[in-house]
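In our numbering, the protein residues as written are 20 to 239.
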């Protein structure tokens with residue numbers, strides 16, 4: 020079991036890595052502006068990169084933070100808010116969100132379960148090196164809240180280091196900034212009474228599944 024300090028360090032490294040690209044693009048554009056070389060293309064780069072930083076921060080705040088958004092006030096995360104966060108997070112990337120409406124879906128999830136769902140979607144998107152749909156399904160079942168996320172596309176793969184990180188008994192030495200979010204997702208899932216399971220039996224498709232007990236289930 021990793022120490023809290025080590026986990027915090029790795030998560031910080033991961034989040035900084037995901038933000039440094041668009042943040043660096045903003046900085047480069049501003050340097051051009053200071054030199055008087057700002058053209059329309061550079062301005063577009065600054066604008067789009069700044070928007071990307073904002074979208075990622077909004078997602079990370081809810082998925083990784085102790086509080087944030089409406090979930091911090093009411094103890095739940097609405098599926099509408101989750102869908103919006105994910106849609107903006109994936110905007111412009113190779114993965115395309117598919118989240119169909121369903122009469123079986125709860126209106127909201129307990130905040131902790133909602134975080135697990137967001138992280139499952141993030142993991143699914145990372146399984147698509149060439150892009151493709153990330154499909155999300157939630158259901159209020161008699162047993163509790165069911166979550167299912169699939170990533171389908173050419174070359175879809177769940178890397179070995181992510182598989183290792185999803186093992187609750189993973190050794191601390193196996194964790195790094197590339198897979199710590201998978202470990203964090205599993206820790207959250209177990210804290211909510213569930214567990215993230217994966218399947219790669221179908222060609223070019225990776226599936227993530229989790230079931231949470233009734234007391235942790237969705238709000239109708």
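Don't be surprised by glycine CBs; every beta carbon is placed ideally from N, CA and C.
Closest Cα partner of residue i within the set the options
i: residue 175; options: 227, 22, 159 and 135; result: 227
i: residue 80; options: 119, 60, 216 and 130; result: 130
i: residue 115; options: 102, 179 and 27; result: 102
i: residue 164; options: 52, 25, 75 and 231; result: 231
i: residue 36; options: 170, 192, 76 and 173; result: 76
i: residue 23; options: 191, 97, 170 and 185; result: 191
i: residue 82; options: 142, 223, 161 and 41; result: 142
i: residue 215; options: 160, 222 and 206; result: 206
i: residue 127; options: 166, 144, 150 and 152; result: 166
i: residue 186; options: 208, 152 and 150; result: 208
i: residue 78; options: 233, 170 and 110; result: 110
i: residue 73; options: 108, 31, 48 and 98; result: 108
i: residue 151; options: 223, 70 and 59; result: 223
i: residue 197; options: 146, 225 and 210; result: 146
According to DSSP, residues forming a beta bridge with residue i
i: residue 226; result: 169 and 218
i: residue 232; result: 163
Cβ separation of residue i and residue j, assumed to be a contact under 8 angstroms, to the nearest whole Å
i: residue 182; j: residue 140; result: Residue 182 to residue 140, Cβ: 18 angstroms. No contact.
i: residue 194; j: residue 29; result: 6 angstroms
i: residue 137; j: residue 203; result: Incorrect: roughly 11 angstroms between the Cβ atoms, too far for contact.
i: residue 184; j: residue 225; result: Not quite, the Cβ-Cβ distance comes to about 15 angstroms (not below 8 angstroms), so this is no contact.
Task: Runs of beta strand (DSSP E) lying entirely within the region 146-179, each at least 3 residues, in chain order - done: Segments of the beta strand (DSSP E) lying fully in the region 146-179: 151-160 and 163-171.
TODO: Any chance you could list the beta strand (DSSP E) runs of at least 3 consecutive residues sitting entirely within the region 86-140, in chain order?
DONE: Correct list: 95-97, 114-117 and 127-129.
Open item on the list: Threshold first: 3 residues or longer. Then list the beta strand (DSSP E) segments lying entirely within the region 44-78, N to C.
Closed with: Runs found: none.
Task: Cβ contact (3+ pairs, closer than 8 angstroms) linking the region 123-138 and the region 153-162 - done: Flag = yes, the region 123-138 and the region 153-162 touch.
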